[in-house]
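Protein chains in written order, with the numbering used here: chain Z, 1 to 416; chain P, 1 to 86.
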């Protein structure tokens, strides 16, 4: 249902509001002189602020009074006066997280593990929400690089050090941090596996892995095996797709693991970022599963670290699918607060089936760009167009056509 | 799926005295196999509860012996990983 004078959001609110309830609204008149015509008190309206620069008036009005305002020829448009939140960069409102907050969900108490370079436990954005930390590098759980703290801020930062300007997706979630990467941002697969093992033992509900190794991957290596085992234990595992795009077959481990949610990156234009790794996997499966913002994301900065482009003492800007994955982890936390009994497979399916088609191939965007509100509301999106399987990478000269043909014959199945 | 990648086996043969960081997948309870691994000269670095495997360090010569054990289902290299943000 649409209405030229009443915004769609206000129409929805009106439909759910009892007649005696006053709603906060902003009325736009044709000109300031028209506002003066309405000086006399009107039934069901409590007038508030009159704006100087534009012909707007803030007021509280009952549904009946709003209908009368709509019928007034001097009224141009009526807006719902919404609560204002400040956001982590622009990505959080872009994926409609504030609408989910408005519904009362912040991921409160949902347990997210960030398996990364550690975390700055003294950062104000995580105050009293870091439940447990551990270290598998031998250098202690503190974040000497900055990457883990940045990812934790995207998933679950409160924005306390920025008056909530840089607030993460699930600011009520509980944080578990396993340090598996060193001060240079690197580590070994076995340490990451130990981190996943530890997180599952801690009883976390979500694991974020913004890390990986490059190279073609069929999802059978030890790290993928560990991630799939975590999912079988009931844990949602969100993994960065990698930054080896735009070529096909560039999703490494553990992004290629079958049961995880593999997350590619989008840019400021809401298109798949060039750097975002593309599928298919070596065994022909579609990956990534979804895409989310990963470009110029401002989030928590670990004290004294130089990662990204520092904004101030507490925040820094960074890009990559590392930044996309914790957006997904945060959305999962919101979903699990709303519906604690969802299985990892159901959470994944919810994110994928409600994502928005960006018009790219399935090997670039997966099911599309995820949207927190649509996932929460379970608003199913039309399935994107099927994508032909690209030829496999690096065939020997003269063998390309044959390999591509065989690949197309055996692996060229349509997206289910 | 091969128990050991041909390239990795070749590396062990070519460097029998060099140390290799490996991840082993095992059948059954790894705890019961620990003694057997230690007797072979394998250093167990980490045990994985969820998957039943372990990360180990041993020489190429030992790795070749390890690959002949029936209860070891797969051996792969412990690879570097890195953060994916910049």
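Yeah, the Cβ is synthetic: ideal placement off N, Cα and C, and Gly gets one too. These numbers were taken from a predicted model, which means no experiment stands behind them.
When CB distances to chain Z are screened at a threshold of 7 Å, the residues of the segment 58-84 of chain P falling below it are 76, 78, 79, 80, 81, 82, 83 and 84, in chain order. Z/6 is the residue among Z/6, Z/52 and Z/315 whose C-alpha sits nearest the C-alpha of residue 70 of chain Z.
For residue 93 of chain Z, the enclosing alpha helix (DSSP H) has its first and last residue at 91-94. Listed along chain P are 82 and 83, each with a C-beta nearer than 7 Å to that of residue 185 of chain Z. For residue 329 of chain Z, the nearest beta carbon of chain P is not closer than 8 Å to its own beta carbon. In this structure, residue 155 of chain Z sits away from residue 177 of chain Z, with a CB-CB distance that is not shorter than 8 Å.
For residue 39 of chain P, the enclosing alpha helix (DSSP H) has its first and last residue at 30-40. Taken in chain order, the unbroken stretches of alpha helix (DSSP H) that lie wholly in the segment 40-74 of chain P and span 4 residues or more are 60-66.
Residue 386 of chain Z and residue 279 of chain Z have their C-alpha atoms roughly 14 Å apart. Each residue's CA atom was taken as its position, placing residue 337 of chain Z and residue 194 of chain Z some 27 Å apart. Taking residue 383 of chain Z as reference, the option from Z/214, Z/353 and Z/79 with the minimal CA-CA separation is Z/353.
Note that the C-beta distance between residue 40 of chain P and residue 73 of chain P is not below 8 Å. Taking a Cβ-Cβ cut-off of 8 Å, the neighbours of residue 212 of chain Z in chain P comprise 81, 82 and 84, given in sequence order. CA-CA distance, residue 379 of chain Z to residue 344 of chain Z, rounds to 19 Å. In the three-state reduction of the DSSP assignment, residue 82 of chain P falls in the strand class. Listed by position along chain P, the residues whose Cβ is nearer than 9 Å to that of residue 352 of chain Z form an empty set, because the closest Cβ is around 21 Å away. Neighbours of residue 181 of chain Z across chain P, judged by C-beta separation under 8 Å: 81, 82 and 83.
Taken in chain order, the complete beta strand (DSSP E) segments of 3 residues or longer contained in the segment 104-147 of chain Z are 111-116 and 130-135. By the Cβ neighbour-count rule, residue 76 of chain P is buried, with 16 or more other Cβ atoms within 10 Å of its own. With a minimum length of 4 residues, the unbroken runs of alpha helix (DSSP H) contained wholly in the segment 220-257 of chain Z fall at 222-232. With a cutoff of 8 Å on beta-carbon distance, residue 199 of chain Z and residue 249 of chain Z are scored as not near each other. Within the segment 44-58 of chain P, 45, 46, 48, 49, 50, 51, 53 and 55 place their CB atoms closer than 7 Å to a CB of chain Z, listed in sequence order. With respect to chain P, the C-beta atom of residue 123 of chain Z has no partner C-beta closer than 8 Å. In this structure, residue 111 of chain Z and residue 174 of chain Z form a Cβ contact; the two beta carbons are roughly 5 Å apart against a cut-off of 8 Å.
Per DSSP, residue 59 of chain Z is one residue of the beta strand (DSSP E) stretching across 56-61. Non-local C-beta neighbours of residue 217 of chain Z in its own chain, meaning closer than 7 Å and more than five positions away in sequence, comprise 251, 252, 253, 256, 281 and 282, ordered along the chain. With respect to the 8 Å criterion, residue 119 of chain Z and residue 126 of chain Z are classified as neighbours on the basis of their beta carbons. If the five residues before and after residue 228 of chain Z are omitted, its C-beta is found closer than 7 Å to the C-beta atoms of 257, 258 and 259, all from its own chain and listed in chain order. Under DSSP, residue 310 of chain Z shares a beta bridge with Z/316.
Taking all protein chains shown into account, residue 147 of chain Z has 16 or more neighbouring C-beta atoms within 10 Å of its C-beta and is therefore buried.
Around the beta carbon of residue 50 of chain Z, a 10 Å sphere encloses fewer than 16 other beta carbons of the protein chains shown; the residue is thus reported as exposed.
Ranked by Cα distance from residue 284 of chain Z, the options Z/219, Z/305 and Z/244 are led by Z/219.
Closer than 8 Å to the CB of residue 284 of chain Z there is not a single CB belonging to chain P. The alpha-carbon of residue 325 of chain Z is positioned some 45 Å away from that of residue 64 of chain Z. When the Cα atoms are used, residue 266 of chain Z and residue 272 of chain Z turn out to be separated by approximately 4 Å.
Under a 10 Å Cβ-count criterion, residue 389 of chain Z is classified as buried, with 16 or more other Cβ atoms of the shown protein chains found around its own Cβ.
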